[in-house]
Amino acid sequence: MILLAEPKGAGSSTGAGPAGPEESRKLLAEYTKRQGWDTFSAVKNGRVHGVFDSFIIYNIYNFAAIEAIAKWLYPEEFRDLDPEADLREFYRRFLSALYKGESMIGMAK
268 MILLAEPKGA
278 GSSTGAGPAG
288 PEESRKLLAE
298 YTKRQGWDTF
308 SAVKNGRVHG
318 VFDSFIIYNI
328 YNFAAIEAIA
338 KWLYPEEFRD
348 LDPEADLREF
358 YRRFLSALYK
368 GESMIGMAK
(Lines of atoms letter the chains of each structure in order from A and count residues from 1; the text may use other names and numbers.)
(Lines give C-alpha, C1' and ligand atoms only; values in the text may rest on other atoms or scores of the structure.)
Protein backbone atom coordinates (compact mmCIF):
# COMPACT_ATOMS: atom_id res chain seq x y z
CA MET A 1 0.00 0.00 0.00
CA ILE A 2 1.34 3.41 -0.97
CA LEU A 3 -0.23 6.48 0.62
CA LEU A 4 0.18 9.82 -1.10
CA ALA A 5 -1.54 11.77 1.66
CA GLU A 6 -2.54 11.15 5.24
CA PRO A 7 -5.89 9.34 5.30
CA LYS A 8 -8.79 10.88 7.23
CA GLY A 9 -10.23 7.40 7.58
CA ALA A 10 -9.05 3.86 7.01
CA GLY A 11 -10.93 0.74 6.04
CA SER A 12 -10.38 -2.97 5.73
CA SER A 13 -12.15 -6.21 5.08
CA THR A 14 -13.15 -7.99 8.28
CA GLY A 15 -12.86 -11.47 6.80
CA ALA A 16 -14.84 -14.04 4.88
CA GLY A 17 -17.85 -14.16 7.18
CA PRO A 18 -19.65 -11.94 9.66
CA ALA A 19 -17.78 -12.09 12.93
CA GLY A 20 -18.69 -10.86 16.35
CA PRO A 21 -17.89 -7.25 17.21
CA GLU A 22 -14.92 -8.06 19.45
CA GLU A 23 -13.32 -10.34 16.85
CA SER A 24 -13.79 -7.71 14.14
CA ARG A 25 -12.35 -4.92 16.30
CA LYS A 26 -9.36 -7.12 17.14
CA LEU A 27 -8.71 -7.61 13.41
CA LEU A 28 -8.96 -3.87 12.78
CA ALA A 29 -6.61 -3.18 15.68
CA GLU A 30 -3.97 -5.35 13.98
CA TYR A 31 -3.95 -2.95 11.02
CA THR A 32 -3.25 -0.01 13.30
CA LYS A 33 -0.09 -1.74 14.56
CA ARG A 34 1.57 -1.50 11.15
CA GLN A 35 4.69 0.62 11.01
CA GLY A 36 3.83 4.30 10.76
CA TRP A 37 0.08 3.89 11.18
CA ASP A 38 0.22 5.28 14.72
CA THR A 39 1.00 8.69 13.19
CA PHE A 40 -2.23 8.86 11.15
CA SER A 41 -4.99 11.06 12.51
CA ALA A 42 -7.48 8.41 11.31
CA VAL A 43 -5.94 5.92 13.74
CA LYS A 44 -5.54 8.47 16.54
CA ASN A 45 -9.21 9.47 16.17
CA GLY A 46 -10.57 5.92 15.90
CA ARG A 47 -11.68 6.36 12.29
CA VAL A 48 -10.71 2.82 11.29
CA HIS A 49 -13.56 0.71 9.95
CA GLY A 50 -14.17 -2.71 8.46
CA VAL A 51 -16.69 -4.31 6.14
CA PHE A 52 -17.42 -8.04 5.74
CA ASP A 53 -15.81 -9.26 2.46
CA SER A 54 -19.03 -10.24 0.71
CA PHE A 55 -20.48 -6.77 1.24
CA ILE A 56 -17.81 -5.04 -0.83
CA ILE A 57 -18.18 -7.15 -3.96
CA TYR A 58 -21.11 -6.95 -6.34
CA ASN A 59 -24.14 -8.51 -4.69
CA ILE A 60 -27.50 -7.58 -3.23
CA TYR A 61 -25.94 -6.48 0.07
CA ASN A 62 -23.85 -3.65 -1.41
CA PHE A 63 -26.31 -0.98 -0.28
CA ALA A 64 -25.41 -1.60 3.37
CA ALA A 65 -21.66 -1.26 2.79
CA ILE A 66 -22.21 1.91 0.76
CA GLU A 67 -24.39 3.36 3.54
CA ALA A 68 -21.74 2.51 6.16
CA ILE A 69 -18.89 4.04 4.17
CA ALA A 70 -20.94 7.19 3.50
CA LYS A 71 -21.69 7.51 7.21
CA TRP A 72 -18.05 6.96 8.22
CA LEU A 73 -16.71 9.51 5.73
CA TYR A 74 -19.48 12.09 6.19
CA PRO A 75 -21.02 11.49 9.64
CA GLU A 76 -22.92 14.78 9.79
CA GLU A 77 -24.46 14.51 6.34
CA PHE A 78 -25.53 10.89 6.87
CA ARG A 79 -26.30 10.90 10.61
CA ASP A 80 -29.79 9.49 9.95
CA LEU A 81 -28.49 6.40 8.14
CA ASP A 82 -28.42 3.15 10.10
CA PRO A 83 -26.77 0.55 7.84
CA GLU A 84 -27.08 -2.32 10.34
CA ALA A 85 -30.78 -1.62 10.90
CA ASP A 86 -31.36 -1.41 7.14
CA LEU A 87 -29.57 -4.71 6.67
CA ARG A 88 -31.62 -6.40 9.41
CA GLU A 89 -34.78 -5.09 7.75
CA PHE A 90 -33.60 -6.37 4.37
CA TYR A 91 -33.03 -9.84 5.83
CA ARG A 92 -36.44 -9.80 7.51
CA ARG A 93 -38.40 -8.64 4.47
CA PHE A 94 -36.64 -10.33 1.59
CA LEU A 95 -34.65 -13.28 2.92
CA SER A 96 -36.93 -14.56 5.68
CA ALA A 97 -33.81 -15.09 7.76
CA LEU A 98 -32.33 -13.58 10.88
CA TYR A 99 -29.36 -11.31 10.39
CA LYS A 100 -26.49 -12.41 12.62
CA GLY A 101 -23.27 -10.62 13.37
CA GLU A 102 -22.00 -7.17 12.61
CA SER A 103 -20.96 -6.80 9.01
CA MET A 104 -19.78 -3.20 9.23
CA ILE A 105 -17.86 -2.03 12.27
CA GLY A 106 -15.57 0.68 13.54
CA MET A 107 -12.79 0.58 16.11
CA ALA A 108 -14.82 2.61 18.60
CA LYS A 109 -17.58 0.76 20.43
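Numbering (the working numbering), first residue to last: 268 to 376. Every residue gets a Cβ at the ideal spot worked out from N, C-alpha and C, and that includes glycine. Small disclaimer: the values here were computed from a predicted structure and weren't measured.
Check                                                                                                                                                                                 : Outcome
Ends of the beta strand (DSSP E) at G317?                                                                                                                                             : V315 to V318
Would the stretch 350-361 count as touching the stretch 332-339 if we require 3 or more Cβ pairs under 8 Å?                                                                           : yes
Please state whether the Cβ-Cβ distance between A309 and V315 is less than 8 Å.                                                                                                       : yes
Give every residue of the same chain whose Cβ lies closer than 6 Å to the Cβ of W304, excluding the five residues on either side of it in the sequence, and list them in chain order. : V310
Specify the secondary structure class of I327 as computed by DSSP and reduced to three states.                                                                                        : coil
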